[in-house]
Amino acid sequence: MTANSKKALRAFISMETAGGLVLLAAAAAAMIVANSGLADDYQSWLSVPVSVSIGAFAIDKNALLWINDGLMALFFFLIGLEVKREILGGQLSSWKQASLPVYAAIGGMAVPALVFLAFNWDSPMNIRGWAIPAATDIAFALGLLAILGKRVPVALKALLLAIAIIDDIGAILIIALFYTAELSLTYLGMALVPLAGMIILNRMGVGRISPYALLAIILWAFVLKSGVHATLAGVVAALTIPVAARGGRPLERLEHSLHPWIAFAILPIFAFANAGVAFGGVELQDMLAPLPLGIAAGLVVGKQLGIFGFAWLAIRGKLASMPKDVSWLHIYGLSCLAGIGFTMSLFIGGLAFAEPQQIDAVKMGVLAGSLVSALLGLAVLAAASRSEAVGPVREKTVA
Numbered sequence: 000m001t002a003n004s005k006k007a008l009r010a011f012i013s014m015e016t017a018g019g020l021v022l023l024a025a026a027a028a029a030m031i032v033a034n035s036g037l038a039d040d041y042q043s044w045l046s047v048p049v050s051v052s053i054g055a056f057a058i059d060k061n062a063l064l065w066i067n068d069g070l071m072a073l074f075f076f077l078i079g080l081e082v083k084r085e086i087l088g089g090q091l092s093s094w095k096q097a098s099l100p101v102y103a104a105i106g107g108m109a110v111p112a113l114v115f116l117a118f119n120w121d122s123p124m125n126i127r128g129w130a131i132p133a134a135t136d137i138a139f140a141l142g143l144l145a146i147l148g149k150r151v152p153v154a155l156k157a158l159l160l161a162i163a164i165i166d167d168i169g170a171i172l173i174i175a176l177f178y179t180a181e182l183s184l185t186y187l188g189m190a191l192v193p194l195a196g197m198i199i200l201n202r203m204g205v206g207r208i209s210p211y212a213l214l215a216i217i218l219w220a221f222v223l224k225s226g227v228h229a230t231l232a233g234v235v236a237a238l239t240i241p242v243a244a245r246g247g248r249p250l251e252r253l254e255h256s257l258h259p260w261i262a263f264a265i266l267p268i269f270a271f272a273n274a275g276v277a278f279g280g281v282e283l284q285d286m287l288a289p290l291p292l293g294i295a296a297g298l299v300v301g302k303q304l305g306i307f308g309f310a311w312l313a314i315r316g317k318l319a320s321m322p323k324d325v326s327w328l329h330i331y332g333l334s335c336l337a338g339i340g341f342t343m344s345l346f347i348g349g350l351a352f353a354e355p356q357q358i359d360a361v362k363m364g365v366l367a368g369s370l371v372s373a374l375l376g377l378a379v380l381a382a383a384s385r386s387e388a389v390g391p392v393r394e395k396t397v398a
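Just so you know, we're using numbering that gives the first Met the number 0 here: the sequence shown kicks off at 0 and counts up by one.
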């Protein structure tokens, strides 16, 4: 990894750590408001209709959908920038670096989905939620790691970051393949025009951001109208941004300028709009219904079995190597912490279901699973930091 890549990694972890704490506060605020006298005002705010039109072309959505389809497109744009940077010169730039997080991420997506299906196989109306527990919220996870400070090896944070990025790539593919509505080939064809323009700008070495931004907005609007989820336009647009061009490094410049806005504004707004669960009248049997229980079990049990199990198989099978200063207890703690699904899990849940009862069940399952995963992960990593046998155990394992 180059010096610039290491610097970018440290900056990313620092930003995500602080952003995770803000995200936690926003989620807590949403639950407080949803269970207070302001609950009706909260729901009314989310339902406010907002319309944007240019001639005959119009987009009509309520405030919640503008947040989930519009603001979150910027979040996915940032993910696209991060993925491109990591593949070209970061944690995923070589198979030696990427092998362990790739195997761990595959397990961390597949096993939670299977756990969810095991709980919901006899409930056909819930099957569409199979991908909800497959996601990891990197901002929350790194924010909680900050509680342990320097007791957590930097290599473990880098591993968690790499797993989460691969997890995001998987989530993007899942959304594109399984959560796309009826397609409008006309609008999809129209979306190729601004995309082609961005590719041409890239090939010409244009480093100014404004022409890319204009074409990206047009691309987003056409993709939204096509039936493909509009956030995917953010990822596709990001991949056209050049790493180096005339006048500097536009990808890094965009990433650095967008990251604070995403971490401290867009994701907290998303959390506040989507985490408001009204607990009035909720009983234990509601949490034990197949949908919320399958999500919670997928996040808590599935993530542990998937990430730790696949990492163990990869290292024991000499397909990957143990990171420096990282023990098996560290990796188990990481696998627990990766069960914090929150942002992406809630997002996929909103794509999977439309009925209010199902949406509330998704929120309960995601919040419960994420909370248990967070507490368990912190406890395991705290124990790992106190262990005096970490070094010898790791060396023996690698040998």
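Even for Gly, the Cβ is constructed at its ideal location relative to N, Cα and C.
Exposure of residue i, with buried meaning 16 or more beta-carbon neighbours within 10 Å
i, result
"I168", "buried"
"R84", "buried"
"P391", "Caution is warranted here: a pLDDT of 46 is assigned to P391, below 50, making its placement in the model unreliable, and no coordinate value can be reported."
"T135", "buried"
"F177", "exposed"
"K395", "Here K395 scores only 42 on pLDDT, less than 50, and its place in the model should not be relied on; the value that follows carries that caveat. It counts as exposed."
"M108", "buried"
"M363", "buried"
"G297", "buried"
"P259", "exposed"
"V213", "Checking the displayed sequence, the identity of residue 213 turns out to be Leu instead of Val. Per the 10 Å Cβ criterion, exposed."
"S369", "buried"
"E282", "exposed"
"L184", "exposed"
"A378", "exposed"
"A388", "Because A388 carries a pLDDT of 42, less than 50, the predicted location of this residue cannot be relied on, and the following value inherits that uncertainty. Exposed, since its Cβ has fewer than 16 Cβ neighbours within 10 Å."
"G106", "buried"
"R393", "With a pLDDT of only 45 at R393, under the threshold of 50, the placement of this residue in the model should not be trusted, and no figure is reported."
"E436", "The requested residue 436 does not occur in the structure, where the chain is confined to residues 0 to 398."
Cβ neighbours of residue i in the same chain (closer than 6 Å, five flanking residues each side left out)
i, result
"A381", "none"
"A26", "A270, A274"
"L345", "N273, V365"
"I314", "M321"
"A398", "Interpretation of A398 is limited by its pLDDT of 36, a score under 50 that renders its predicted location unreliable; the figure taken from the coordinates is listed afterwards. If we look at A398 and ignore the five residues flanking it on each side, it has no Cβ neighbours."
"L290", "N125, A360"
"D324", "P152, A154"
"V110", "G301, L304, G305"
"P193", "L214, I217, L218"
"A170", "A134, M343"
"S372", "L298, V299, C335, G338, I339"
"N201", "T239, P241"
"V222", "A190, A229, A232"
Residue range of the alpha helix (DSSP H) that includes residue i
i, result
"F269", "266-273"
"I165", "153-177"
"H329", "327-336"
"A232", "230-238"
"A402", "The structure shown has nothing for residue 402, since the chain only spans 0 to 398."
"I199", "184-202"
"P100", "94-119"
"V379", "355-385"
"F352", "Premise fails: F352 is in no alpha helix (DSSP H) and is neither H nor E."
Own chain, CB closer than 7 Å to residue i, minus 5 neighbours either side, in chain order
i, result
"I165", "P100, V101, A104"
"P249", "G206, I208, I240, P241"
"H228", "I174, Y178, T179, L350"
"G332", "G376, V379, L380, A383"
Bridge-paired residues (DSSP) for residue i
i, result
"F56", "I53"
"N61", "P48"
"G247", "A244"
Nearest residue (CA-CA) to residue i, options the options
i, options, result
"N61", "V47, S384, A55, N67", "V47"
"M197", "Y186, T185, A215, L182", "A215"
"I78", "A112, I137, D40, A383", "I137"
"P318", "A157, Q96, I162", "Correcting the residue type first, residue 318 is Leu in the shown sequence and not Pro. Closest option to L318, Cα to Cα, is Q96."
"A133", "A295, G36, V379", "A295"
"E431", "Y186, I330, G88, L374", "Since the first residue of the chain shown is 0 and the last is 398, residue 431 is not available in this structure."
"L70", "L187, N34, V114, I265", "I265"
"L64", "T230, A163, F341, A262", "T230"
"A55", "E254, G316, K224, A17", "K224"
"Q356", "I66, D285, L45, L375", "D285"
"R329", "V276, L312, L144", "This sequence places His at residue 329; Arg is not what is there. Of the candidates V276, L312, L144, the one whose C-alpha sits nearest the C-alpha of H329 is L144."
Any non-hydrogen atom of the ligand HEM closer than 7 Å to residue i Cβ
i, result
"I66", "Ligands are entirely absent from the displayed structure, and the ligand HEM is therefore not among its contents."
Cβ-based neighbour list, residue i, same chain, cut-off 8 Å, excluding 5 preceding and 5 following
i, result
"I358", "G348, G349, F352"
"F76", "A215, G233, V234, A236, A237, L257"
"A57", "S50, V51"
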